[in-house]
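Sequential numbering from 64 applies to the sequence shown in the numbering used here. The beta carbon of each residue, even a glycine, is placed where N, CA and C say it ideally should be.
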Amino acid sequence: MKIDLTKIPSGGKEINFSLEPDWWKPDFDEDRVVGLDSPLSTRLKIYPAGEKIVVDGFLSARLLLRCDRCLETYSKGVTTDFRIYLLMFSYKGEAEVELLENDLNLDFIDDNFLDSDQIIKEQLILNLPMKTLCNDDCKGLCPLCGCNLNTARCSCQSRYEALGNVS
Ligand SMILES: [Zn+2]
Ligand SMILES: [Zn+2]
């Protein structure tokens with residue numbers, strides 16, 4: 064959704080909406096995320112603060128993630144609050160930009176529209192764990208035959224040991 068920032072009243076504006084699972088497109092550059100497992104709900108409160116515009120957001124979703132070890136898909140809930148500062152391109156003076164460069168949560172907007180899809184996607188990715196694991200004890204795939212060791216048994220390990228490997 065594109066939100067026209069020039070139409071935000073001085074008292075701010077609150078938007079609540081939900082996104083259906085088909086909203087997540089695989090071309091979003093994070094291939095550990097397979098998609099959404101249920102509709103995502105979000106609340107954005109947008110209000111001006113001096114030259115900046117503040118976005119206070121909340122979102123709640125269930126993601127379908129790919130396990131780093133066994134490559135199976137699993138579902139994980141993500142709930143997060145966030146705050147982003149926006150500076151509209153046309154407003155920025157040179158001195159100001161230097162001052163604000165340290166602000167990690169600052170995004171520049173080069174037209175007058177805020178793309179809520181972009182913000183939500185970024186927040187979801189920021190909230191992914193370093194490693195996506197279906198379970199902390201996930202046994203992963205057998206390095207020899209590739210079977211999923213959580214659900215299958217193979218004799219590779221014992222055969223390997225029988226060959227006299229001492230590690
Ligand atoms: Zn796994
Ligand atoms: Zn095996």
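**Item:** Limits of the unbroken beta strand (DSSP E) element including D78
**Value:** Per the sequence shown, residue 78 should be read as Ile rather than Asp. Secondary structure note for I78: its beta strand (DSSP E) is the uninterrupted segment K76 to L82.
**Item:** Residue interval of the beta strand (DSSP E) (run including K115)
**Value:** Following the DSSP letters along the chain, one finds K115 inside the beta strand (DSSP E) bounded by residues K115 to R129.
**Asked** Whole-angstrom Cβ separation of V96 and L134, contact assumed at under 8 Å?
**Response** Contact doesn't hold; Cβ gap of about 14 Å is too wide.
**Asked** Under a Cβ-count criterion, where at least 16 other Cβ atoms within 10 Å of its own Cβ denotes burial, should E161 be classed as buried or exposed?
**Response** Here E161 scores only 49 on pLDDT, less than 50, and its place in the model should not be relied on; the value that follows carries that caveat. For E161, the number of other beta carbons within 10 angstroms of its own is below 16, and it is reported as exposed.
**Request:** Return yes when the Cβ of Q186 is within less than 8 Å of the Cβ of F145, no when it is not.
**Result:** Against a cut-off of 8 Å, the Cβ pair of Q186 and F145 comes out as a contact.
**Prompt:** DSSP on R146, reduced to helix/strand/coil?
**Reply:** Three-state DSSP puts R146 in a strand.
**Request:** Please name the residue, chosen from L149, L68 and C130, that lies closest to C197 on a Cα-to-Cα basis.
**Result:** Minimum Cα distance to C197 is reached at C130.
**Request:** Determine, using beta carbons only, whether L126 and L149 come nearer to each other than 8 Å.
**Result:** Not a contact, by the Cβ cut-off of 8 Å.
**Prompt:** With which residues is Y137 paired in a DSSP beta bridge?
**Reply:** Y137 is bridged to L128.
**Request:** In angstroms with no decimal places, state the Cα-to-Cα distance between M193 and L204.
**Result:** Taking the CA atoms as reference points, M193 sits about 19 Å from L204.
**Prompt:** Going by beta carbon distance, what residues of the same chain come within less than 6 Å of E93, once the five residues before and after it are set aside?
**Reply:** Result list for E93: I188, in chain order.
**Item:** Proximal residues to V141 (C-beta, below 7 Å), its chain only, five neighbours per side dropped
**Value:** Once the five neighbours on either side are set aside, the close Cβ partners of V141 are A124, L126, L187 and N190.
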